[in-house]
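Student: In numbering that gives the first Met the number 0, the protein residues as written are 0 to 456. Ideal Cβ placement from N, Cα and C applies to all residues, glycine included.
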Amino acid sequence: MLAMGTAVALPSCSEDSIYNVNANDVPEAANYAENVVITVDQSTNIATFSFNAKGVYPVWIIDGKSYSTTPEFTRYYRKAGEYQVEVKVANANGISKGTITKSFTVDKTMMNGFGGYKFDSDFNLWTKANVKLNSFWYAPGWSQIADPEYTMTKEAISLTLPQATTDQWQAQMHVGTDICLNEGEAYDFSVIFTATKDMNNITVKIHPDGDDDDAHSFFPNSKVNITAGEPKAFWFSNLTAAVPMNNLVFTFDFGGNPEGVEVTIENIVLKRHADDDGTVLPELPTTPEPNWVDVNSADNLWSTCNYTNSFHYAPGWAQIADPVLTFDGRNFSIDLPSATFEQWQSQVKFHTDLAATDTNLAYDFKITLKSNKEIGGATIKLVQSDEIVDGKEIKHDNNFFFAETVKLEADVPTTFWQASVKAPEAMHAVSLVLDFGGNPDGTVVEVSDIIFQVHHD
Numbered sequence: 000m001l002a003m004g005t006a007v008a009l010p011s012c013s014e015d016s017i018y019n020v021n022a023n024d025v026p027e028a029a030n031y032a033e034n035v036v037i038t039v040d041q042s043t044n045i046a047t048f049s050f051n052a053k054g055v056y057p058v059w060i061i062d063g064k065s066y067s068t069t070p071e072f073t074r075y076y077r078k079a080g081e082y083q084v085e086v087k088v089a090n091a092n093g094i095s096k097g098t099i100t101k102s103f104t105v106d107k108t109m110m111n112g113f114g115g116y117k118f119d120s121d122f123n124l125w126t127k128a129n130v131k132l133n134s135f136w137y138a139p140g141w142s143q144i145a146d147p148e149y150t151m152t153k154e155a156i157s158l159t160l161p162q163a164t165t166d167q168w169q170a171q172m173h174v175g176t177d178i179c180l181n182e183g184e185a186y187d188f189s190v191i192f193t194a195t196k197d198m199n200n201i202t203v204k205i206h207p208d209g210d211d212d213d214a215h216s217f218f219p220n221s222k223v224n225i226t227a228g229e230p231k232a233f234w235f236s237n238l239t240a241a242v243p244m245n246n247l248v249f250t251f252d253f254g255g256n257p258e259g260v261e262v263t264i265e266n267i268v269l270k271r272h273a274d275d276d277g278t279v280l281p282e283l284p285t286t287p288e289p290n291w292v293d294v295n296s297a298d299n300l301w302s303t304c305n306y307t308n309s310f311h312y313a314p315g316w317a318q319i320a321d322p323v324l325t326f327d328g329r330n331f332s333i334d335l336p337s338a339t340f341e342q343w344q345s346q347v348k349f350h351t352d353l354a355a356t357d358t359n360l361a362y363d364f365k366i367t368l369k370s371n372k373e374i375g376g377a378t379i380k381l382v383q384s385d386e387i388v389d390g391k392e393i394k395h396d397n398n399f400f401f402a403e404t405v406k407l408e409a410d411v412p413t414t415f416w417q418a419s420v421k422a423p424e425a426m427h428a429v430s431l432v433l434d435f436g437g438n439p440d441g442t443v444v445e446v447s448d449i450i451f452q453v454h455h456d
């Protein structure tokens, strides 16, 4: 019965139309110039590319690479300027030899706030460097998958992350250069990020090739939050290279990214601080320090909450015995006998019974840390606790009030505080995570005077 059905169906198409492909019967691209339409929404800088013709389809070429074969798609352009797109036309016989070239104009540069240092300055080390992709590490659920598609020029790097990730370091891009920085010299840096969806915790880490573990060998690995379609500059000024930093690698991590997000990295500037390119730095916003309640009062939510502890103490990512906590009331010390070499290798967690279900309610937080040895970057993170639902662990690493890194000088108390912070999403319970990754052997950290209070203007 199946064979008879197939035999009956075949006469509806001629044998020639199925099997005879005429290589000479490819379309002439020039005949379809009027079928290519490009419009730009100048209020959003989004260009729409359209092609409408029967029996053929477009091959869109952007930045010299085949970009799409769909009849219509959109693309965001941050900078003002004139742009070109090439289009070939294809049918069942092949792709046109000719190419249609269309130009379009973006009227204005989309940038809210500070736009970074001057990209085209003679002082920009990036524009003079040899730049290449070293590698990706793209691993949703810590299981590595195919590298994302990307384009890279000195002016901009674009990539598409088709699958979502949940944790920092699950979507890493490593860009190598031949830039070498001098020990003891200060530098400035800026970069602009744009994405098609909201993204939290983009990590920027600049380090020598082959050495991203020692806290002295990289500029602080900092995090950036961006809103969909809104370019945002990350920058630092006057940071000193603690060691010689040869063949710099620029590590960008998008761990926690949503599915199908497109990211643009552009206007990278790295220069000696002593070289003035005329950039006027913005005035940093100043948040007044709150009026703190007494550390022992009931208004300090930390003073009355219940909590349990867990640890992740893993030099070289191999977990060892938990560190020892010694308590004096609500203050405590942490004994870290073995050195660690990277962030998140020395975590101490306090899982509380405090809830933060009202996302409109603001809080203040303060903590004092004192280490007997220098730690280049201690991380303080106030985050929603993970939970077990129907026997399955649900992680909430990306729902947090803040996640900041501070340097601890040896034997010098460091007080860290945040004012008027709100939970991005409701938290069934709050955890305090302290990480001392990069600690030397025999480190003891004293933690005191933790205050977590409702913010009052």
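Would you mind stating whether residue 73 and residue 47 have Cβ atoms separated by less than 8 Å?
Tutor: Cβ atoms of residue 73 and residue 47: closer than 8 Å.
Student: Going by beta-carbon coordinates alone, are residue 254 and residue 145 separated by less than 8 Å?
Tutor: Residue 145 sits away from residue 254, with the two beta carbons spaced by 8 Å or more.
Student: Within 10 angstroms of its Cβ, does residue 14 collect 16 or more other Cβ (buried), or is it exposed?
Tutor: Low confidence applies here, because residue 14 scores a pLDDT of 36, under 50, leaving its location unreliable and the question unanswered by this model.
Student: On the DSSP bridge assignment, give the partners of residue 469 in chain order.
Tutor: Residue 469 is absent from the structure shown; the chain starts at 0 and stops at 456.
Student: May I have a chain-ordered list of the beta strand (DSSP E) segments no shorter than 3 residues that lie completely inside the region 177-250?
Tutor: List check, beta strand (DSSP E) in window: 185-194, 198-207, 218-225, 231-239.
Student: For residue 8, I'd like the list of residues in its chain whose CB is within less than 8 Å of its CB, leaving aside the five on either flank, ordered along the chain.
Tutor: Residue placement at residue 8 cannot be trusted, given a pLDDT of 36 that sits under 50; what the coordinates show is reported in the next sentence. Here the set comprises nothing.
Student: Please give the ranges of any beta strand (DSSP E) in the region 376-434, keeping only runs that are unbroken, at least 3 residues long and fully inside the region.
Tutor: Whole beta strand (DSSP E) segments, 3+ residues: 386-388, 391-393, 399-407, 413-420, 429-434.
Student: For residue 401, count neighbouring Cβ atoms within 10 angstroms of its own Cβ and tell me buried if that reaches 16, exposed if not.
Tutor: Residue burial is scored here from C-beta neighbours: residue 401 has fewer than 16 other C-beta atoms within 10 angstroms and is therefore classed as exposed.
Student: Is residue 101 closer than 8 Å to residue 517 when the C-beta atoms are compared?
Tutor: The shown model of the chain, from 0 to 456, leaves out residue 517, and the question about it has no answer.
Student: Work out the CA separation of residue 138 and residue 305 for me, nearest whole Å.
Tutor: 36 Å
Student: Would you report the Cα separation of residue 320 and residue 344, rounded to the nearest angstrom?
Tutor: 12 Å
Student: Check each candidate in 288, 194, 241, 303 and name the one with the smallest Cα separation from residue 256.
Tutor: 194
Student: Taking DSSP as the reference, what is the three-state secondary structure of residue 93?
Tutor: strand
Student: State the DSSP-derived secondary structure class of residue 439, mapped to helix, strand or coil.
Tutor: coil
Student: Using beta carbons (cut-off 8 Å, strictly below), is residue 111 in contact with chain B?
Tutor: Absent from the structure: chain B. Only one protein chain is present.
Student: What is the DSSP secondary structure of residue 168, reduced to helix, strand or coil?
Tutor: Of the three classes helix, strand and coil, the one that applies to residue 168 here is coil, per DSSP.
Student: Would you check if the distance between the CB atom of residue 337 and the CB atom of residue 434 is smaller than 8 Å?
Tutor: No.
Student: DSSP three-state label for residue 30, please.
Tutor: helix
Student: Is the CB-CB distance between residue 281 and residue 113 below 8 Å?
Tutor: Contact: yes.
Student: Pull up the distance between the alpha-carbon of residue 141 and that of residue 205, whole angstroms please.
Tutor: Each residue's Cα considered, the two are about 23 Å apart.
Student: Mark residue 173 as exposed unless 16 or more other C-beta atoms lie within 10 angstroms of its C-beta, in which case mark it buried.
Tutor: buried
Student: Could you give the C-beta distance for residue 106 and residue 79, rounded to a whole number, given that I count them as a contact under 8 Å?
Tutor: 6 Å
Student: Please report the distance separating the alpha-carbon of residue 65 from that of residue 260.
Tutor: 19 Å
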